[in-house]
Each structure stands twice: as C-alpha cells, then as structure tokens.
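First the structure, in the form of structure tokens, and then the observations on it.
Residue numbers (UniProt numbering): 1 to 706.
Below is the structure:
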C-alpha cells in the first residue's frame, strides 16, 4: 500500500519537477516559443492542430511512451535508480579526501563560480556524448537504446521512452568522470561544495530546458543555421539523429554542444529542411516494423537481443581463427614526425640537465624552473609506446620481439655503463667536488654491474633503488624495460602463464615504474587503436587534435596545474614522503596529462601524415633522422660526460658553455656512431653466429633425433 502511495505521489509530482523536461513550466515555455514560431512562419490551420497533430499524438508509438513514463515512475519508487551513485557524490568525496586540517579553500568569487559552471557543463556534455555513442556502437548496449529509437513519432514524452537499464548505465559511465571533474575544479577554484557552487550548472540546464529542449523530440523543425549547428545541437539535428535514412545513421550524438560531433566526425548539419522518417532501420536504411509493440516487449526483449549480439560477436571472433592481419604500415610522414619529437626530447633532456647551476653557473636556470627535462622524459615514454607497439606487430613472435628489444638495448647500454665507470673514475680523480650528492652515487662495482646490466636499478621490488654513478638518466630505461616485459607478456603469452608472469613482473617492478605505465601505454593505444577517433574524419578535425592538444598542454604548463597535481600526490601519500615512495615518478599526474595531450596530438598527426604522398627526403629530414638515430646514446651518455667535462675543463675557458655543449654532443654522437647506428649489422652478426652454432647444440640434436 505504501509503495502504491509513493508511486501515485511520484507520478503527480512529475509535472512540477524542474529536473525533467516535461514539467508544466518547461512545457509552458515550449508552447509560448511554438506560438511565436507558428505566427512567424504563418503556418496554415489553427495553432492547436499545428502544435498537437492527431497523427502524432494518437499514434500507437506515443502510447508506449506514456506506458514507459509510468514504468519509470514505478522503478524510481522501487529504488532502482537510487542504487546508482551520482557525480556530486564523487565530487564531495574528492573534496573530503583532498582537504586536510590545514587546507584553506580559495576565495569564492563570481568569476570562479562561472569557470566551475563552464567546466562542469562542458565535461558533463562530453561524457554524455560518449555514453550516447557507446549505446549506438556497442552491440551489447544498442538493444536497450533501440527502445528509444523505435519511436515512430516524436513528442516531448519520448524523452521518457527509455529502457530502465539505460539511465543506470549512463549514470555509471558518467558519474566517475563528471564527478572527478567537479571535484577537481571545485578543489582548485572554489574549495567547497554548496548550492552556490553547483547552482551555476543547474542554472545552465534550466536555461537549456526553458529555451526549447522539448522541440528535440517533436515534429517541429527548428534549425540554428550552419554556423551555430557546429557549436550547439539544434532540435532539427536531434530529429535527424532519429531518422532512418542511411546518411543520418550514427550522427549528432551531442546533447547540448555539437563540437564533440564536429571533433569526432559524427556531425551532420542540414542544408535546409529535410522530410524525416523516424524509427529503427537496417544498414540500408529500410525501416523495420515496430520491434516493441508492447510494454513487456520494450522491457524484456532488449535483454534477449543483447545476449544474442554478444554471442554473435564471439562466434565471429572464433570464426576468424588465429590469422593475423599484415602489420600496419607506418607512413613516412608519421615516422619522420616521431623522429623529430624523439630528437627534440633528447636534446631537451640535455639542455635541461646542462642548465643546472653546477654546469653553467645558473645562466639557464629558467630551464630548470620549467622542469623541461622531466617533461621530455614523459614525451619519451609515449613515443616509446608507439614505436614498441608498431615493432611488436612486425616482430610477430615472442622470440623475435625479445631478440630485437635485447639487441637494441644492450648494444648501447653495455658500452654506456663501461663509459660511465671510466668517466666517473677519471672525473673523481681530477675534481671530486664536481661529483656532488645526490647526483653521484659511489656504488660497488658488483652492484653497479648487476643492477645496471639487468636494468633493475629502479625496480623497487628487487631492493632499494640505486643511482649508477653519475648515470641518473638510466632510471627511465629501467622503467621502460619493465614496460617492454609487461607488454610482451600481454601480447604474446596466454592463459595462466600470462597471469603468472604479469603478477611476477608487477611485484618485481614496483610502484614507481608502475605509476608511469599508463603514460607509456597511451603510446601503445595511439598505434593500435587511435584510428577509431579519426575514421571518416576530414583534415580539419585532425588539425584540431594535432594543434588543440598542444595548445591545451602549453596553457596548462603555464598555469599552476603541474605544481597543484604534485601537491595533490603528496597529500594523497601523506604521511609518507611522495618522493621516497615514487622516486622519479613524483610528478606522475602531470606526466600522465602530458601523455594524454601528446597522444591526442599524435592521433591528429598520424591522420594527416597518412594522406601525405611519399617523397624523397631532403636535408632537413635527413638531419632529423640522424639526430634521432643517436638519441638513445645522447640520453645515456650525456650526464657522465657533463660531469667529466665539469671536472676537467678550466672554468676560464672562453665561451665555456658553448665548448661544454659542443664537446658533450660530439662525445654522445661519436658514441652513437660506434654502438647505436650499426644495430642492423650487430643483429646480422648475431643471427649468422646463431645459425652456425645452433646445429651443434645438444638441444638441437635431441630434437633432430626425436
């Protein structure tokens, strides 16, 4: 009895609920706007017959809308939707976690409130776009969303023509991201969660509903014009989204903003009025008969269809067998751009380290203040992920993958370690004051060789991390080897063996390296999956990715965001020292931001580069290739070289800084000429040697006899 009373109350309250579009207030606003349109357009007949045509509101499809409206009220009373968390809950939790006893929230101003409103509304709309798109493109979700698209006519109540499971899925997809966005923006800009701080976003949605959101589900065509429909989704564009025509399929997913559709290639802007047919259709645009004739069919049939779709996908995957597609080709332009970034990152690391006061007297301290060396290493990680994912596809087998990674690393690492030992020995004998802690660790020869040759010097699962003499930059190579192993296990191993190997690697590598694994894996994603963001897009969308991501990154770098993110990391790990816990990953959040921005940049560049014609490379391109071809050596050799030259060069030497730079570059690139550039020759010698000795190995003999 109590449930029935609650149901009646919830149903009667709906017309007065400002959180739903079909409230009396919003419907009144819609009617007033419609009356103005009717008068302006001079439509024939009475206003009532124009606004409420019988063929629409007496249609059987509208009857199902009404049934689903009452069903949604019932599910709401039963507490189905109450089991789902909401963004404000996440935001409140983040604020409670971020703030401490000594936390002083920033002053609340109208400008800050406005910024919070814009960020929350934009992020929420961005998440709605992807949640909506997921319901169209994921075969397991489409049947539930198809209930909404099965409407043969559109009325304001069609917004309630949804399967009860769909809003729950939407909430789960959106809650985390919108909640995090709310929490972070409130923390950095306002510092408290109140009616004032969240009222701005509510005001934005109030305005959206007041100005005619109900026209989106109606027979009344309202277009904003070609320019505005690249920014805001008009009612006409959403009606097109419901059209059965092939050219309208999978278009205009946006809720408020059209910029997401424009950016991701799903925007459709009508040139003029289009006569639309609503409902669901096949791939050829042939309208299907109403699949959900009854309320029971609308509630239960999608579950059956979802299971059937999943099983069909699994059968198709099994039917395709284990055959592999040919490895994707890397275009000349994209390869050259990767080399340009690799060369630039290596030189940036050198300049960032050389700018230290002990080398150049503080003349270039601004490079240290900007922390360019650390940012460049984050760039290296993303580039490494791209290249390793590409190389692994070409390798094809675990053996080839392991051989190519080992030879690539060891051909440079072993001589670099030997050079470090020699340079450190000579330098400390000449001037020990040039070798200051913490930039130089005098470790035993045994530990130096063991931790260096195995590249476990930063694997905290194997023991305390160590700096190998002056060769601090090897820390990132230690991380990368862990990433190579994890990626190789994921790609080439199967079943229980894969799980066992991955668990072992996670324990050995330790938290510092694992903290930056997502930044590296973003690069893998760029190569293996980024095409889904650019498929069917024009060059203008690719330019948005390529340029917009870098502009956003530079703007964030110029703000306090990097420092704020590290401060947040420190508070999250308190009372432990975040430097002690994360070692060189203390800027993990900012490094991840760099990785995401660079990944989006590379998505755009790859799309653009794939359309560039093959051409003979000129002098500039050859120079870029040459510098990139020695970047590994430059990275591993420059720090011991800088220390040696600092200990041996007279400070009174004319143009000291230029001489220091030129000598360092000469030694590094000379080293590359000997050990890095001839990698193909080294591999050929190793393979030839293996072919000669393999037949004489005992294992081979046993195989031949069996």
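Virtual Cβ for every residue (Gly too), placed ideally from N, Cα, C.
Keep in mind it's a predicted model, so treat the numbers as computed, not measured.
request  = Have a look at 683, 406, 469 and flag the residue whose alpha-carbon is nearest the alpha-carbon of residue 419.
outcome  = The shortest Cα separation from residue 419 among 683, 406, 469 belongs to 469.
ask   = Can you give the beta carbon distance from residue 222 to residue 235, rounded, assuming they're within the 8 angstroms contact cut?
value = So it is a contact: roughly 4 angstroms between Cβ atoms.
task = Look up residue 70 in the DSSP assignment and say whether it is helix, strand or coil.
result = The answer is helix: DSSP assigns residue 70 an H, G or I state.
ask   = According to the Cβ coordinates, are residue 587 and residue 374 closer than 9 angstroms?
value = Yes. Within cutoff.
query = Grouping DSSP H, G and I as helix and E and B as strand, with all else coil, what is residue 329?
reply = Three-state result, residue 329: coil.
request  = Please check the pair residue 427 and residue 648, which I expect to be a contact at CB under 8 angstroms, by giving their CB distance rounded to whole angstroms.
outcome  = For residue 427 against residue 648, the beta-carbon gap comes to about 7 angstroms, under 8 angstroms, which counts as contact.
request  = Flag this pair as yes or no: are the beta carbons of residue 381 and residue 483 separated by less than 9 angstroms?
outcome  = Against a cut-off of 9 angstroms, the Cβ pair of residue 483 and residue 381 comes out as a contact.
query = Across which residues does DSSP place residue 287 in a beta bridge pair?
reply = Answer by DSSP bridge pairing, in chain order: 281.
query = When the Cα atoms are used, what is the spatial distance from residue 220 to residue 254?
reply = Each residue's Cα considered, the two are about 19 angstroms apart.
task = Return the residue from the list 557, 140, 491 that minimises the CA-CA distance to residue 306.
result = Of the listed residues, the one whose Cα sits closest to residue 306 is 140.
message = When you compare the CB positions of residue 507 and residue 452, do they come within less than 9 angstroms of one another, or not?
response = No, Cβ-Cβ distance for residue 507 and residue 452 is not below 9 angstroms.
query = Any idea what DSSP makes of residue 487, helix, strand or coil?
reply = If DSSP states are grouped into helix, strand and coil, residue 487 belongs with the helices.
query = From 151, 164, 385, 666, pick the residue whose C-alpha is nearest to that of residue 299; which is it?
reply = That would be 164, whose Cα lies nearest to the Cα of residue 299.
query = What's the call for residue 226, buried or exposed, on a 16-neighbour Cβ count within 10 Å?
reply = The residue in question, residue 226, is exposed, as its Cβ has fewer than 16 Cβ neighbours within 10 Å.
ask   = Distance, Cα to Cα, residue 23 vs residue 545?
value = Distance between the alpha carbons of residue 23 and residue 545: 40 angstroms.
query = Exposed or buried, residue 569, counting other C-beta atoms within 10 Å across all chains shown (16 or more means buried)?
reply = Residue 569 should be labelled buried.
Selection from 489, 618, 122, 664 that minimises the alpha carbon distance to residue 333 = Looking at the Cα atoms, 618 is the closest of the given residues.
query = Cα-Cα, which of 645, 273, 34, 249 is closest to residue 266?
reply = Nearest of 645, 273, 34, 249 to residue 266, Cα basis: 249.
query = For the alpha helix (DSSP H) that contains residue 391, what are its first and last residues?
reply = Looking at the DSSP string, the run of the alpha helix (DSSP H) that includes residue 391 is 372-395.
query = Can residue 611 and residue 539 be called in contact, C-beta distance under 9 angstroms?
reply = It is a contact, given that the beta carbons lie within the stated cut-off.
query = Whose C-alpha, out of 401, 386, 347, is nearest the C-alpha of residue 528?
reply = Closest option to residue 528, Cα to Cα, is 386.
ask   = Excluding five sequence neighbours on each side, which residues of the same chain lie with their C-beta closer than 6 angstroms to the C-beta of residue 350?
value = Excluding sequence neighbours, residue 350 sits near 638.
task = Compute the Euclidean distance between the alpha carbons of residue 72 and residue 394, then round it to the nearest angstrom.
result = Take the alpha-carbon of residue 72 and the one of residue 394: they are about 53 angstroms apart.
query = Buried or exposed: where does residue 559 fall if 16 or more other Cβ atoms within 10 Å of its Cβ makes it buried?
reply = By the neighbour-count rule (16 or more Cβ atoms within 10 Å), residue 559 is not buried but exposed.
query = Does the beta-carbon of residue 40 have 16 or more other beta-carbons within 10 angstroms, so that it is buried, or is it exposed?
reply = Classification for residue 40: exposed.
query = With C-beta atoms as the reference, is residue 261 less than 9 angstroms away from residue 233?
reply = In terms of Cβ geometry, residue 261 and residue 233 form a close pair [threshold 9 angstroms].
key: Cβ-based burial, residue 54 [other Cβ within 10 Å; buried from 16]   = It is exposed - the Cβ of residue 54 has fewer than 16 other Cβ atoms within 10 Å.
key: The alpha helix (DSSP H) enclosing residue 257, as first and last residue numbers   = Note, residue 257: premise wrong, no alpha helix (DSSP H); not H, not E.
key: Continuous alpha helix (DSSP H) stretch holding residue 543: start and end   = Segment 539-558, the alpha helix (DSSP H) holding residue 543.
key: Rounded separation between residue 657 and residue 376 - CA only   = Within the model, the alpha-carbon separation for residue 657 versus residue 376 is close to 22 angstroms.
message = Out of 330, 211, 124, 352, which one is the CA nearest neighbour of residue 613?
response = Nearest option by C-alpha distance: 330.
query = Is there contact between the stretch 666-674 and the stretch 396-405, where contact requires at least three CB pairs shorter than 8 angstroms?
reply = The stretch 396-405 and the stretch 666-674 do not touch, with fewer than three beta-carbon pairs separated by less than 8 angstroms.
ask   = When the Cα of residue 133 is compared with those of 264, 67, 56, 372, which residue comes out closest?
value = Per the C-alpha coordinates, the member of 264, 67, 56, 372 positioned closest to residue 133 is 264.
Burial state of residue 696 (16 or more Cβ within 10 Å) = When all chains shown are included, residue 696 counts as exposed.
query = Skipping 5 residues on each side, what residues in its chain have a beta carbon closer than 6 angstroms to that of residue 388?
reply = So no residue of the chain qualifies.
task = Can you tell me which of the three DSSP states residue 23 falls into?
result = It is coil, neither helix nor strand.
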